[in-house]
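Residue numbers (the working numbering): 1 to 481.
Beneath this line is the structure, given in structure tokens, with notes to follow.
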């Protein structure tokens, strides 16, 4: 460990220790979502199952609650319920990443964990940092225990990227395809169109450019956080495009996240085939991985970069921002991906209450998990005065009160019919799954009261509401080592 690494590590630990002492007075800290110990969290990174534990790395800016210099934070778990914070293993401490350890992915191979990420360097001078003044290389480290990592090596220097691209190439996702390793990177071309770059290698070291994939007509100016995987016999390309024009029922956030179904020979995609992962206010930059049970699991950032000006994140006053979504298992159904909370979450359920037309209101307090079956053409679900979900005329509408939404009010989604609803509600976050994950709304919100009245209106319905034990978050494990 270099002298700079030691200084950064110690300063981060001091900040985290101070924050943990203050957690007892925090109003909005979550009990069922991974958060930063302090400061800012964004993209999930390096998701994997390695030597009997799940590993979730994340973009982490511990020094500034509004973002700033980024490293990677790290949680691990045996069961997706009991979590241990492992510290900040990747720091901006080398000439290739001195202005930020940006997003990347993990690959487990031969009992080693390999991490690939973008190292960010911004040159001093009068630059726009889009077409000039920025160096973004792809770096690699490895580990035998998932905690301690090797020295950093550059595997694709910024000077080797295709000339038709700007300085904005980042976020490597790596996987093994037979005897070949493959990588996708998100990019912004000089004509301000987004694209994904495909690379291949036989040894992790030497990577060659293979092809690019984009849309026939421009679909945003930048594609971030690409992911490629197979599901249900289909190739899936997930991207987070920036610069897509908003519509009433689609692309309602400033930036989007979604996927294309792909064929092997695809070079140009049709933007009309893009399907959004999530219709809520807070979802971006998802990443997937396969776990030890063979499940394809997705975790997203429950936040949004460059959020709307009217939105005021109330956790800023508490010294932290953002969280990750619940881990979601992905399944393919009639050519569409469904996403649903992993089964491990059900182990936290307790205190079941039934709800139906005879008992359509339940007084709730604290986090809960609702499962509801609905019959009829219309439905309304109210959670106190802070949140409502309505369905009529083929449209589901999520509405927040002015205070609970902190400046944000409504999101919509087209839906042929509504048969099932699941709501997992945390202290200041809610995830709503319609028809077992056909459509999802993920949203941070800030209810005025811990006690809320759940009220359901529909032609016929029946369901169960469970209170939830908290997940465990062991934040102090590193300090005991």
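The beta-carbon is built from N, C-alpha and C at its ideal position, and this holds for glycine as well.
Task: For residue 48 and residue 344, the rounded distance between their alpha carbons - done: 17 Å
TODO: Using only the heavy atoms of the ligand ZN, determine whether one of them is closer than 7 Å to the beta carbon of residue 103.
DONE: Looking for the ligand ZN in the displayed structure turns up nothing, as the structure carries no ligands at all.
Open item on the list: Measuring only the C-alpha atoms, how far is residue 295 from residue 390?
Closed with: 32 Å
Task: Reference residue 113, options 148, 305, 129, 123, closest by Cα - done: 148
Task: Cβ neighbours of residue 455 in the same chain (closer than 6 Å, five flanking residues each side left out) - done: 361, 382
TODO: Please confirm whether residue 436 and residue 340 have their CB atoms less than 8 Å apart.
DONE: yes
Task: Start-end ranges of the alpha helix (DSSP H) lying completely within the segment 235 to 319, minimum 4 residues - done: none
Open item on the list: Would residue 117 and residue 44 be called neighbours here (beta carbons separated by less than 8 Å)?
Closed with: no
Open item on the list: Going by C-alpha to C-alpha distance, which of 467, 72, 55, 107 sits closest to residue 39?
Closed with: 72
Task: Other residues of its chain near residue 351: CB distance less than 8 Å, five sequence neighbours each side excluded - done: 466, 467
TODO: Quick one: using the 10 Å Cβ neighbour count with 16 as the cut-off for buried, is residue 313 buried or exposed?
DONE: buried
TODO: May I ask which residues mark the beginning and end of the beta strand (DSSP E) holding residue 42?
DONE: 39 to 50
Task: Beta bridge counterpart(s) of residue 441 as assigned by DSSP - done: 432
Open item on the list: For residue 215, tell me which candidate among 2, 232, 197 has the shortest Cα-Cα distance.
Closed with: 197
Task: Proximity winner among 370, 286, 161, 234, relative to residue 258 (alpha-carbon distances) - done: 286
Open item on the list: Once DSSP output is grouped into helix, strand and coil, what is the label at residue 418?
Closed with: coil
Open item on the list: Between which two residues does the beta strand (DSSP E) holding residue 497 run?
Closed with: Residue 497 cannot be examined here, being either before or after the span of the chain that is shown, 1 to 481.
Open item on the list: Distance check for residue 50 and residue 108, CA to CA, integer angstroms please.
Closed with: 7 Å
Task: Limits of the unbroken beta strand (DSSP E) element including residue 117 - done: 112 to 122
Task: Three or more C-beta pairs below 8 Å linking the segment 301 to 320 and the segment 59 to 79 - done: yes
TODO: Determine the closest residue to residue 337 out of 443, 431, 236, with distance taken between C-alpha atoms.
DONE: 236
Task: Distance CB(residue 199)-CB(residue 212) smaller than 8 Å - done: no
Open item on the list: Using the Cβ count rule (16 or more neighbours within 10 Å means buried), how would you classify residue 120?
Closed with: buried
Open item on the list: Could you check whether the Cβ of residue 331 sits closer than 8 Å to any Cβ belonging to chain C?
Closed with: Structure shown: chain C not included; a single protein chain is present.
TODO: Indicate the three-state DSSP secondary structure (helix, strand or coil) for residue 109 in the structure shown.
DONE: strand
Open item on the list: Here's the rule: buried if 16 or more other CB atoms are within 10 angstroms of the residue's CB, otherwise exposed. What is residue 1?
Closed with: exposed
Open item on the list: In the DSSP assignment, the beta strand (DSSP E) including residue 36 goes from what residue to what residue?
Closed with: Counting along the chain, residue 36 falls outside any beta strand (DSSP E), and DSSP gives it neither H nor E.
TODO: Take every Cβ of the segment 409 to 427, pair it with every Cβ of the segment 30 to 38, and state whether three or more of those distances are shorter than 8 Å.
DONE: yes
Open item on the list: For residue 194, report the span of its beta strand (DSSP E) as first-last.
Closed with: 194 to 201
TODO: Give the secondary structure of residue 160 by DSSP, where H, G and I count as helix, E and B as strand, and everything else as coil.
DONE: helix
- [ ] Could you tell me how far apart the beta carbons of residue 131 and residue 176 are, in whole angstroms, since I believe they sit closer than 8 Å?
- [x] Not a contact, Cβ separation roughly 34 Å.
Open item on the list: In this structure, how does DSSP classify residue 130 when only helix, strand and coil are distinguished?
Closed with: coil
Open item on the list: Rounding to the nearest angstrom, what Cα-Cα distance links residue 81 and residue 162 in this structure?
Closed with: 43 Å
Open item on the list: Using the three-state DSSP reduction, which class does residue 337 fall into: helix, strand or coil?
Closed with: strand
Open item on the list: Looking at residue 96: is its Cβ nearer than 8 Å to the Cβ of residue 159?
Closed with: no
TODO: With a cut-off of 8 Å on the beta carbons, I'd call residue 54 and residue 76 a contact; round off their distance for me.
DONE: 6 Å
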